[in-house]
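**Student:**
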Amino acid sequence: MSALTTTQKGYGTAHQRRRRQWATVVARGEAVCVRCCRAIFPFQPWDLDHSDDRTETRGPAHRKCNRAAGARRGNKKRARVRKIRSRVW
Ligand SMILES: [Zn+2]
C-alpha cells in the first residue's frame, strides 16, 4: 500500500523486488544466511546482504550477522575486542 515510502528513503525498486522474493523464502523457513550459513527462521529479523562495495545483493542474512560483519570491518584497527571475548563463559 505505502510502497512508495521505502523507495523515497533511498532503496531502489530492484532491491525491493529481490527482498520481497527472499521474504517468501524466509517465510517458508528455507532461507540460509550468507554470513553464517545457518537457517534463517521466519521469526528472525533479517537483512538483504550486499557485497562489500554495495553494488549487488548477495542474499539474506540474519540482521545480527549483517551488522556484525559491518562492525568487524570497522574494528580492524581495534585488536582489543579479542581480550573482551576471551573471558570465561
Ligand atoms: Zn547468520
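Quick note: the sequence shown uses the numbering used here, first residue 265, plus one each step. Virtual Cβ for every residue (Gly too), placed ideally from N, Cα, C.
#1: Per DSSP, Thr-277 forms a beta bridge with which residues?
#2: When you compare each of Arg-331, Arg-336 and Thr-321 to Gly-276 by their alpha carbons, which one comes out closest?
#3: Would you list the one or two residues that DSSP bridges to Thr-321?
#4: Can you tell me which residues fall inside 5 Å of ligand 1, judged by beta-carbon distance to its nearest heavy atom, and keep chain order?
#5: For Val-290, which of helix, strand or coil comes out of DSSP?
#6: Please work out which residues of its chain come closer than 8 Å, Cβ to Cβ, to His-314, disregarding the five sequence neighbours upstream and downstream, and give them in chain order.
#7: Taking Pro-309 and Arg-282 to be in contact with their CB atoms under 8 Å, please state how far apart those CB atoms are, rounded to whole angstroms.
#8: When we look at the beta-carbon of Met-265 and count the other beta-carbons within 10 Å, is it buried (16 or more) or exposed?
**Tutor:** Let's see:
#1: As a first step, residue 277 must be located in the sequence shown, where it is residue number 13. Bridge partners of Thr-277: none, in fact.
#2: In the sequence shown, residue 276 corresponds to position 12, counting from 1. Looking at the Cα atoms, Thr-321 is the closest of the given residues.
#3: Translated into positions along the sequence shown, residue 321 becomes position 57. Thr-321 is bridged to His-314.
#4: Around ligand 1, the residues whose beta-carbon falls short of 5 Å from at least one of its heavy atoms are Cys-297, Arg-299, Cys-300, His-326 and Cys-329, given in chain order.
#5: Indexing the sequence shown from 1 puts residue 290 at position 26. Helix.
#6: To locate residue 314, count along the sequence shown from 1; it is residue 50. Answer for His-314: Glu-320, Thr-321 and Arg-322, listed in chain order.
#7: Taking the first residue of the sequence shown as 1, we reach residue 309 at position 45. Taking the first residue of the sequence shown as 1, we reach residue 282 at position 18. Contact flag wrong, Cβ pair sits at about 17 Å.
#8: Taking the first residue of the sequence shown as position 1, residue 265 is located at position 1. Only weak support is given to the placement of Met-265: the predicted model assigns it a pLDDT of 49, under 50, and the value that follows is read from those uncertain coordinates. Label assigned to Met-265: exposed.
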